[in-house]
Amino acid sequence: MTESVRVAIGSDIDIVRARQQVRTLAKEVGFTSSELTLIVTALSELARNIVEYARSGEIILDQICQGTRRGLSITARDGGPGIADIDLAMRDGYSSGKGLGLGLPGTKRLMDDFEITSEVGHGTQVKVTKWTH
Amino acid sequence: MKSPILKLGPNLIVSLNSEMTDSDLLELQAVLVAEVGRFRSKGVILEVTTLEVMDSFAARTLRNLAQAVGLRGAQAVIVGIRPEVALAMVQLGLEQRLSGVHTVLDLEEALGVLNREKAEVDPQ
């Protein structure tokens, strides 16, 4: 098991940095170039959510192995305001911020697994995973 | 990382790169909308061949940029969206959000589109 890569997210420069780091890691795992683009796009959406809604937080990248399957997980964690209605936030076209309302549902479509937990006043954690095919 | 704006006849050309931050994109948007007036440009070519990711923020900024440039009397054309970026945009649900913005494969095609537009406006 390799160590997690942690990226602190506090501004838009960190989003660019995190994108570069996830790209390097995803290449190591062995994803194709189209899969790389999906992963980097998903990371970009998650990192931007942190900056936009919580101001700061962190992204944790993990290489994972399950039998012969290899994968990469991205965990985006913040101590921001949290999401009161997750079902609503997961609906296409809904946005309480400056985005296009595609952030969370779009990110879910880009990745294989998607888990979200959020507590109002305490923060949000989104974990997404992509497996090599 | 900022990108230089090049002037080619009645058109402005700018290449977007993966190191651009959200603030760089917003700054570019404001500068281009202003420069269109300064140079009396008819076209703005946004070249994205080296852009490795187009997320919802980038798509929204480019759409706003295209609309604002249109209000200033010029047409924006996006050039060279990579195949894997196009596929990711479709999955994310962005392709409809860019509708109304002209997208073409290469610079030659972009110049063709802009020249045609110009010929229609100015028939002699």
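Quick note, the sequences are listed as chains E and U, same order. Residue numbers for the first sequence follow my numbering, beginning at 1 and rising by one. Residue numbers for the second sequence follow my numbering, beginning at 1 and rising by one. We put the beta carbon where it would ideally sit given N, CA and C, even for glycine. All of these numbers come straight from a predicted model, not from anything done at the bench.
Backbone secondary structure at residue i - three-state DSSP
i, result
"U/N17", "coil"
"E/L100", "Per-residue confidence for E/L100 stands at a pLDDT of 46, beneath the threshold of 50, marking its modelled position as unreliable; no derived number is given."
"U/I81", "coil"
"U/L105", "coil"
"E/I83", "coil"
"E/E28", "helix"
"U/E27", "helix"
"U/Q96", "coil"
"U/A66", "helix"
"U/L46", "strand"
"E/E45", "helix"
Residues that residue i bridges to, as DSSP identifies them
i, result
"U/E120", "Looking at the DSSP assignment, U/E120 forms no beta bridge with any residue, so it has no partner."
"E/S33", "Answer by DSSP bridge pairing: none, since E/S33 is not bridged."
"U/K7", "U/L12"
"E/V128", "E/I74 and E/F114"
"E/V7", "E/I59"
"E/A18", "DSSP output for E/A18 lists no bridge partner at all."
"E/I64", "E/G71"
Selection from the options that minimises the alpha carbon distance to residue i
i, options, result
"E/L46", "E/T117, E/C65, E/R23 and E/I74", "E/I74"
"E/R119", "E/P81, E/G103, E/P105 and E/H133", "The residue asked about is misnamed: residue 119 of chain E is Glu in this sequence, not Arg. The option with the nearest alpha carbon to E/E119 is E/P81."
"E/V40", "E/I50, E/V51, E/E58 and E/L25", "E/L25"
"U/L107", "U/V44, U/M1, U/Q29 and U/L28", "U/V44"
"U/L94", "U/F57, U/L28, U/G70 and U/K42", "U/F57"
"U/L26", "U/S99, U/L87, U/A68 and U/G9", "U/A68"
"U/E19", "U/R72, U/T50 and U/V79", "U/T50"
"U/D22", "E/D12, E/A18 and E/K27", "E/D12"
"E/H122", "E/D14, E/G57, E/K27 and E/I64", "E/G57"
"E/T129", "E/L61, E/G103, E/D92 and E/A89", "E/L61"
"E/Q63", "E/K27, E/G10 and E/T124", "E/K27"
Chain-ordered neighbours of residue i on chain E, where CB pairs are closer than 7 Å
i, result
"U/V48", "Near U/V48 there are no residues of chain E at all, since even the closest Cβ is about 13 Å away, more than 7 Å."
"U/E19", "V16"
"U/E52", "T37 and V40"
Within chain U, the residues that residue i reaches when beta carbons sit closer than 8 Å
i, result
"E/S33", "E84"
"E/E45", "D55, S56 and L92"
Residue i: contacting residues in chain U (beta-carbon distance under 9 Å)
i, result
"E/L38", "E84, L87, A88, Q91 and L92"
Under 9 Å from the C-beta of residue i: neighbouring residues of chain E
i, result
"U/S127", "With chain U covering only 1 through 124, there is no way to say anything about residue 127 of chain U."
"U/S23", "S11, D12 and I13"
Neighbour list for residue i in chain U, Cβ cutoff strictly below 7 Å
i, result
"E/G103", "S56"
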